[in-house]
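Protein chains: 4
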Amino acid sequence: MKNTFGTSVAVTLFGESHGEYIGAVIDGLAPGITVDEEYISRMLTLRRPDGKISTPRKETDEFKIVSGVLCGKTTGTPLTILIPNENVKSGDYAAIQMIARPSHADYAAQCKYHGFQDARGGGHFSGRITAALVAAGAICKSALEKKGIFIGTHVKKCAGILDREFGDLLTDIKMLNQKTFAVLDDVCIEKMTNAILEAAKDGDSVGGVLETAVVGMPAGVGEPWFDSLESQISHMMFSIPAVKGIEFGKGFAISDMKGSEANDAFAIKNGEIVTQTNNNGGLNGGITNGMPILFRTAIKPTPTIFKPQNTVDFKEMSETVLEPKGRHDPAIVHRARIVQDAAAAIVLCDALALRFGTDWLKG
Amino acid sequence: MKNTFGTSVAVTLFGESHGEYIGAVIDGLAPGITVDEEYISRMLTLRRPDGKISTPRKETDEFKIVSGVLCGKTTGTPLTILIPNENVKSGDYAAIQMIARPSHADYAAQCKYHGFQDARGGGHFSGRITAALVAAGAICKSALEKKGIFIGTHVKKCAGILDREFGDLLTDIKMLNQKTFAVLDDVCIEKMTNAILEAAKDGDSVGGVLETAVVGMPAGVGEPWFDSLESQISHMMFSIPAVKGIEFGKGFAISDMKGSEANDAFAIKNGEIVTQTNNNGGLNGGITNGMPILFRTAIKPTPTIFKPQNTVDFKEMSETVLEPKGRHDPAIVHRARIVQDAAAAIVLCDALALRFGTDWLKG
Amino acid sequence: MKNTFGTSVAVTLFGESHGEYIGAVIDGLAPGITVDEEYISRMLTLRRPDGKISTPRKETDEFKIVSGVLCGKTTGTPLTILIPNENVKSGDYAAIQMIARPSHADYAAQCKYHGFQDARGGGHFSGRITAALVAAGAICKSALEKKGIFIGTHVKKCAGILDREFGDLLTDIKMLNQKTFAVLDDVCIEKMTNAILEAAKDGDSVGGVLETAVVGMPAGVGEPWFDSLESQISHMMFSIPAVKGIEFGKGFAISDMKGSEANDAFAIKNGEIVTQTNNNGGLNGGITNGMPILFRTAIKPTPTIFKPQNTVDFKEMSETVLEPKGRHDPAIVHRARIVQDAAAAIVLCDALALRFGTDWLKG
Amino acid sequence: MKNTFGTSVAVTLFGESHGEYIGAVIDGLAPGITVDEEYISRMLTLRRPDGKISTPRKETDEFKIVSGVLCGKTTGTPLTILIPNENVKSGDYAAIQMIARPSHADYAAQCKYHGFQDARGGGHFSGRITAALVAAGAICKSALEKKGIFIGTHVKKCAGILDREFGDLLTDIKMLNQKTFAVLDDVCIEKMTNAILEAAKDGDSVGGVLETAVVGMPAGVGEPWFDSLESQISHMMFSIPAVKGIEFGKGFAISDMKGSEANDAFAIKNGEIVTQTNNNGGLNGGITNGMPILFRTAIKPTPTIFKPQNTVDFKEMSETVLEPKGRHDPAIVHRARIVQDAAAAIVLCDALALRFGTDWLKG
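Spelled out as C-alpha cells, the structure:
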C-alpha cells in the first residue's frame, strides 16, 4: 500500500527533503518494547553524511517520538517519529526543477504527479527519507535483539574493492554494529574511502554491494508463494533508493552450480537440525529453516555527479545540458548499510508478529 | 497476504501436487477482456515438462475456467481456473515424508505446519502449482498485449552457457513468445539441452538465469518507497520456486560502474522523452520512466537429484541418507521462463489498474 | 480487497449462480484443524432452500474440498471448496438480462461491468454464493468451538413477529445450532412460517432481523480505530446480500439511553472481571472485553416478487414493466441466519490468528 | 490494517490525548488537489468542544501540514497533518489509570496492551484523535466537492428529540455544512441543547442518531461481496468512538416492509436512470446506483458521567466505586456529525480512486 509496509507490524513513511519534518509511523508493535533513544540516535548517526566522503549537508536528526511511547516503552498503539529538516537550502534546486536529473526520479515523478511533486532536493524521493526508515527500524532491531535475533550488514564491495567473507556470524554482526564504516576487514576502510574520494575529486560517484546476515530467526516463519520471506525482504529492500538487485544465499552464483553442489545437506548438531552449507541463505520454499538469513543488494553509484550531463527539460520538451550544483554524495553504500539493517528489522518484526501473535516481541 | 498477490487485480493460488485440483482465482480484472483458451493452453504447454530434459511426469493441464468468464470475455468478477492433477503416483513419495530433501521446503514446512502439511510430491510447495500461475498470467499477458504492452523472457544462461544479448526488444520478445526453448540465439538450444542431458545422465541438475523484457509500459506507474514497481515485481518473482536473486537494468554490474557511466542520459526522440541507455531497467525511483523494463532472475539448480544425499529424518531426529526415487527435472530454467512471463503480467495488470482505474485493461 | 476478506485468515469467494462451480478459498488457517464434512453439510443444509417457504430451486450442495485438507485435517495451506451448481435453468433469466430488477444489483452491475457481467440468476451477486461462504465459515465455526468459542444466530424478527430475548447464552446458542428454523421460542416457527407463506401467496416477500451471540471470546482482541472488531464484523456482514443495517449491544436503542443507564458497570465474578449489563455487546473501544459479543442485522425483504414492477430497460434506455418469472424466495431471513454464523466465524478466526499467532486455532 | 484505512487512498491515524501531537498521514491522494487550510479549520472548529454543551477542555487545533503539500496543492505523496495537544492536565487522570471506567476502553485496552497503554485522558482511544480524522477528511471532502460530490450530516435525533426528515438533499447538505449545530429544523437546536444541558446538570449524558447523505456519487462504484461500499463505509464508521449501529436507506425499518413496498422502482428522469424511492440508500449489491447514499449511525451517550459508578480496579482485581473528576462531554452527537462527514469523505475518495484511477480526484 504505497508508503505503508507490513501486515501485523506496519510502517508508514512520509516527508520531503525540504519539508518541515520527515517521519514514520510504526503501527502494531507489541506493547512493552523498550525504546532506547540512544540506540536510535546511534543508528541515525551511522546513516548520517559525515561531510567527507558524503554530502556536506549537515543533518543532526534530532528526532522526537510524539506518540506510542510512554515511560520509555511502546504502548502498542501507533508510534510516530518526527525528524525535523534542518540546513535546507532550497535555492540550490530551484533552477533544475524542470530539468530531469539522469537516473533520478524527476522525470518519472513528473509522469506520475504532473508537476505537483515537491522537487526540492528530490522531495519525497530523497535519500533523506531513509532517516525516518532508520529510526523506525532501530526500534524494531533493538526489539529483535532482546529476542536473540541479530542483524548486521557490511560493505561487501565498494568501487570494486572487496571486503572479506563473513566468518563467525554472530561475532561479525556484533562487530559491524560497533563500526562507523562497516567492513569486516579494517584494511578496506582506507581503500574504499580513498576510492570514494578519488571518484569525488573527479566529480564522479561509485556504488557497491551490501551483504546482510541475520542470526537467531526461528524456523517456520514466512509463507509459501506470494509472501515468501524472500518476497517480503526483497519488497522492502527495493524501497531503498539505489538498490538495483538482491540475492539470497549464493544468489546469482547458484545458477552456475550443479544441484549436487548447491544443495544444503541437513545434519544434526547439538540436538538441532542444521544445514552443513547455507547456499539457500536460511530460506527453503520461502520459509525460514533456522539457519542464518543471508542476502546481498546491489547499490548503484549515486546519480548526482559533478559533470555536465545530457538531459531534457520536460516542461519545454527540449534537450539540454545539466550543470549540477549543490550538495551530493560521491557514495552512499557505506551509509545505506544501516538503512538495510533497519529495513530488514521491520520486515522480520512483521513476519514474526504475524506468525506468533502481536505480543511475541514484548520481550 | 500469503497466497494472494495484488491490490486492484489480485491472484490467489491454491492446490497441492497430488490433490484433485490446483488452481487460481483472479479478482479485479476489467470486464470485457477476451479470454483466449488457445493462448492459455499454449502458455501451459510451454511450461509443461517435455519428458526429455524435464520430468517424465505427464501433465496435460486440461484446465477449465469455472467462474468469471461468459461468452469468452471476462465478466469483471472473480475468474477461477481449475487444473486437475493427473498421473499422480503418491507411492513414490510416501516413504520420504519425514526425510527432509535437501534444499526443498520439507523441513521448513514441518516447522510451520507441524506435520500436517501435504508432503506428497512437494504438496503446496511443488513447482506444479506454477501451472495455475501460468494460466492466470496468460490471461493478464494477453490483456496487456491488446494495450500494446509486450513481455518476453529468454534463458540468458543455463549450465554456464550464455545466450546473446537482447537486440531490438519488440522483435525479440515476439520471437521468444513463439519458441519452445526460449533463447535469442538458436545455437544455444542444442548446447543448453546437451548440458542439461549431461547433468541428468550424471544424476545431477543445473540452474540458470532468466532475463525478462517489457515494452510499452506507460511512464508514471509504480510508487515511491514501499510499493516501488521493483518492490512489486521482486515480491512476485521470489514467489516462483527456485528464484534466488533478481536484478533490474544493469543490476549487480551497476555496483561496479561510476555514476558517469551508469546514469541514463535523457534525450528526445520522435517527440518523446527517452533515455540513451537503460541501465536502470526502465525504473527511476520505483516508477516507470517509459523505457523498457528489464530484469533478470537467478534460478537455482533443481534440488531433486539422483545421488545419495546426507540429510535428517525430522520425526526420528536422526541423520540419514536420502536415496531418491521418483520423477524429477534435471533443469527447470527453460520451463520457468514462461512462469516468469506470467508472473510479470500479473504484477503489471495490478499496477496499471491501480494507476488508471479498473476499466483500463478492458481493451 | 474485493472478493477476499481477512488478514491472517483470508477467504476468497468466487462463482456465479449459473456457472459450473461456486466456491471459496480459505488461506491462513492453522494446520491440524479437524475438517468435519458432516458439520459442513449440516450447515449447508440449514442454508438450503426447503422448497416450501423458500425457492423451489433444488440445491444439493455436494461440495468437495480440493486442496488444503489431508486425512481430515487442515494442512495450513489454502483450502479450496467447490460446490457444483445443479438444476440450473438459464432460460428463466435470459429475457430479463437488460431489464433492471428493482432493488437487485442488475443496474449497479451494469454501471460497473458494462454489460459483460453474468446476469443469469443474479450471476456473482446471487445469494447462491453464500453457500460457499457457509462452507468456509463452517470450518472456522467448528475450529472455534474446539477453542470454547460458540456462535449462534436466531431470527429475532420476521414479518414483524418477534422471537423471545436471549436467555442463558450458551444454552440458547447450542439449541439454535440444532434447529432448522432458528428461533428461541418454538411458537414463532409456525407464526413466522405462516406469515412468509401468506406473503408468498400474495406474490410478495418479507424481511426480518437476525441476532447473533458469541460466547467465549478472549478479551483483548480487535484494534483501536480502523480495525475495531465492530468494523471488521460489520464489514463482513454487509457482504451478505440483503443486510441493510447492523447494531452491536443495545445498538440504535442505546442512542435514547442516558449514560448512567447505558454504561456497563464492571464487577468481579468467580475471580474474573465481567460487566453487570452488556449494552455494549462485548466490545469497548473496538476491542473485546471478555463479555459475549452481541449484534443484530436488518435483512430486507427479498427483492424478487411476483408482482409487476415499474423499471427500466437499460440497454434501450426506456421505461418498462417487469413481469417476473422463475424461482424466488418469499423470505431469506431464516436461511441467512446460518450465513451470519459462518460469516462471523471467519471474522473471529482472522482476528484471533492475528492476535495470538497462526498456530492458535490448531486446537 | 489496524490504524490505516484504505487501499488506493489510505489514512493512518496516530496520537494520544495527552501526547505531544495527534495526527494523520493521507497517502495516495491525487496530485494537484487544492488544500484549503480555512476549510480544514472550519471543520475542526465544528468538531471542537464549545465549553457549554461540551467539555470545557480548550482545543485550538492549530494544525500544521508537514508533508505532501506544496504551494497549497497536494503533491501526490503522503500528506501529514500534525495537531499539537494543548491544555493537557494529566493529573486529572493519573488516579484512575487502573480503575476501569465503565463503557470506556480502559479494561479492554488493559487486556490488549498489558498495562503499557497510555491511559491518560483515554490515550489513543480518546475522542480527541477524531480531530486528526476530521483534518484528513476535510481535505477529502473538499476534493469531492470539486467533483460535484457533496456530503452532509445532521443530528437526526438527540436525547429522544427528532429533527425533520431530509428534503431536497443538495440544499439541505449545503445548509448543514454552514451550521454549527447541524439540524435541518432550527427549532431543534434549542430543544436538543436544553436536553443536553439538563442531562449535564444531572451529571449524566445523552446520545443520538446521525444521518448522512451523499449526492453526486457516480454509479458503478464499490464491489460485490467483501468490499461492498456498505462494508467499506460501515468499517470506517465503527472506527468512530461511540458508534454502536449503522443502517443504510430504510435500514432496520426495511425489515418490517414487504418486498413490494421496499423495492425501489427504476424510472427515467431527464434521460438518466433513477429510482422512484431510495429505500436502499443508493446501493444495490454493494455498488452505487447513482442515487444519493443515505446512512444513519447510532451514537451512544458519552460514557463519562458525573455520578459514582460501580467498577473494578484491574490491577488490584477488586471491586470499587469510580468517583469521576476531570472534563467530560454531556453529549458528543452534535460534534460527531462532522467526524462522520470527514470519515465518509475518506471512504469515498478511496473507492473512487480505486475505480477510476489515482488521478481522478485531481479536479
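If you're matching them up, the sequences are chains A, B, C and D in order.
The working numbering numbers the first residue of the first sequence as -19 and each following residue consecutively.
The working numbering numbers the first residue of the second sequence as -19 and each following residue consecutively.
The working numbering numbers the first residue of the third sequence as -19 and each following residue consecutively.
The working numbering numbers the first residue of the fourth sequence as -19 and each following residue consecutively.
Cβ coordinates follow ideal geometry from the N, Cα and C atoms, glycine included.
It should be emphasised that the depicted structure is a prediction, and the values quoted were computed from it without experimental measurement.
{"Query": "On the criterion of 16 or more Cβ atoms from any shown chain inside 10 Å, does C:ASP165 qualify as buried, or is it exposed?", "Result": "exposed"}
{"Query": "Apply the 10 Å Cβ neighbour rule to B:MET297 and answer buried if 16 or more other Cβ atoms are within range, or exposed otherwise.", "Result": "exposed"}
{"Query": "In chain order, what are the residue ranges of uninterrupted alpha helix (DSSP H) at least 4 long that sit wholly in the stretch 145 to 214 of chain A?", "Result": "149 to 156 and 167 to 181"}
{"Query": "Tell me whether D:GLU252 sits in a helix, a strand or coil according to DSSP, three-state version.", "Result": "strand"}
{"Query": "Looking at A:PRO283: is its Cβ nearer than 8 Å to the Cβ of A:HIS84?", "Result": "yes"}
{"Query": "Enumerated in chain order, which unbroken segments of the alpha helix (DSSP H) with a length of 4 residues or greater are wholly contained in the stretch -13 to 67 of chain A?", "Result": "17 to 27"}
{"Query": "Taking C:THR268 and C:ALA199 to be in contact with their CB atoms under 8 Å, please state how far apart those CB atoms are, rounded to whole angstroms.", "Result": "5 Å"}
{"Query": "Out of curiosity, what's the CA-to-CA distance linking B:LYS287 and A:PRO310?", "Result": "50 Å"}
{"Query": "When the Cβ atoms of the stretch 211 to 225 of chain C are set against those of the stretch 272 to 280 of chain C, are three or more pairs found closer than 8 Å?", "Result": "yes"}
{"Query": "How far does the beta strand (DSSP E) with B:ILE131 in it reach, from first residue to last?", "Result": "130 to 138"}
{"Query": "Which class does D:PHE(-15) belong to by DSSP, given the choice of helix, strand or coil?", "Result": "strand"}
{"Query": "Assuming B:GLY56 and B:LEU124 form a contact by the criterion Cβ under 8 Å, report the distance between their Cβ atoms to the nearest whole angstrom.", "Result": "That belief does not hold up - the Cβ atoms of B:GLY56 and B:LEU124 are roughly 17 Å apart, past 8 Å."}
{"Query": "So D:THR291 is in the beta strand (DSSP E); what residue range does that whole segment cover?", "Result": "289 to 293"}
{"Query": "What are the residues in the stretch 262 to 281 of chain C lying within 9 Å of chain A by C-beta distance?", "Result": "none"}
{"Query": "In chain order, what residues of the stretch 194 to 216 of chain C put their CB closer than 9 Å to some CB of chain D?", "Result": "PRO198, ALA199, GLY200, VAL201, GLY202, GLU203, PRO204, TRP205, PHE206, ASP207, SER208, LEU209, GLU210, SER211, GLN212, ILE213, SER214, HIS215 and MET216"}
{"Query": "Less than 8 Å between C-beta atoms, sequence neighbours within five positions excluded: which residues of the same chain meet that for B:ASN(-17)?", "Result": "THR(-8), LEU(-7) and PHE(-6)"}
{"Query": "Using a C-beta to C-beta distance shorter than 9 Å, which residues of chain A count as neighbours of B:GLU227?", "Result": "LYS224, GLY225, ILE226, GLU227, PHE232 and ALA278"}
{"Query": "Identify which residue in B:PRO204, B:ALA118, B:GLY266 and B:ALA242 has its Cα closest to the Cα of B:TYR19.", "Result": "B:ALA118"}
{"Query": "Provide the residue(s) that pair with D:ILE273 in DSSP beta bridges, ordered along the chain.", "Result": "D:VAL194"}
{"Query": "Is the number of C-beta pairs between the stretch 319 to 337 of chain C and the stretch 193 to 213 of chain C that are closer than 8 Å three or more?", "Result": "yes"}
{"Query": "For my contact list, D:VAL195 and D:LEU149 are in at a C-beta cut-off of 8 Å; report their separation, rounded to the angstrom.", "Result": "5 Å"}
{"Query": "From the beta carbon of C:HIS104, is the nearest beta carbon of chain D less than 8 Å away?", "Result": "yes"}
{"Query": "How many Å lie between A:ASP7 and A:ALA(-10) at the Cα?", "Result": "5 Å"}
{"Query": "Is the beta carbon of A:ILE129 within less than 7 Å of some heavy atom of the ligand PLP?", "Result": "For the structure depicted, the ligand PLP is absent and the ligand set is empty, with no information on it obtainable."}
{"Query": "Taking the alpha carbon of C:GLY147 as the point to measure from, which residue in C:PRO272, C:LYS159, C:GLN90 and C:LYS295 has its own alpha carbon closest?", "Result": "C:PRO272"}
{"Query": "What residues of chain A sit near B:PHE43, judged by a beta carbon separation below 9 Å?", "Result": "By Cβ distance, chain A contributes nothing, its closest Cβ being about 18 Å from B:PHE43, past 9 Å."}
{"Query": "Which stretch, first to last residue, makes up the alpha helix (DSSP H) that contains D:PHE336?", "Result": "313 to 336"}
{"Query": "Around the C-beta of D:THR291, are 16 or more other C-beta atoms found within 10 angstroms, so that it is buried, or is it exposed?", "Result": "buried"}
{"Query": "Out of D:TYR1, D:LYS53 and D:HIS314, which one is the CA nearest neighbour of D:PRO29?", "Result": "D:HIS314"}
{"Query": "Taking only the alpha-carbon atoms, compute the straight-line gap between A:GLY262 and D:LYS305 and give it to the nearest angstrom.", "Result": "57 Å"}
{"Query": "For a test of the three-state rule: what should DSSP assign to A:GLU296, helix, strand or coil?", "Result": "coil"}
{"Query": "Cβ of A:SER219 within 8 Å of Cβ of A:PRO281?", "Result": "no"}
{"Query": "Going along the chain, which residues of its own chain have a beta-carbon closer than 8 Å to the beta-carbon of C:GLY183, five neighbours each way excluded?", "Result": "ILE285, PHE286 and LYS287"}
{"Query": "So B:ALA344 and B:ILE61 are supposed to be a Cβ contact under 8 Å. How far apart are they, rounded?", "Result": "Because chain B here runs from -19 to 343, residue 344 of chain B falls outside it and cannot be looked at."}
{"Query": "Residues of chain C with CB closer than 7 Å to the CB of D:ALA245, please, in chain order.", "Result": "PRO82, GLN289, ASN290 and THR291"}
{"Query": "Rounded to whole angstroms, what's the CA-CA distance from C:ASN259 to D:ALA316? Just pull it up for me.", "Result": "20 Å"}
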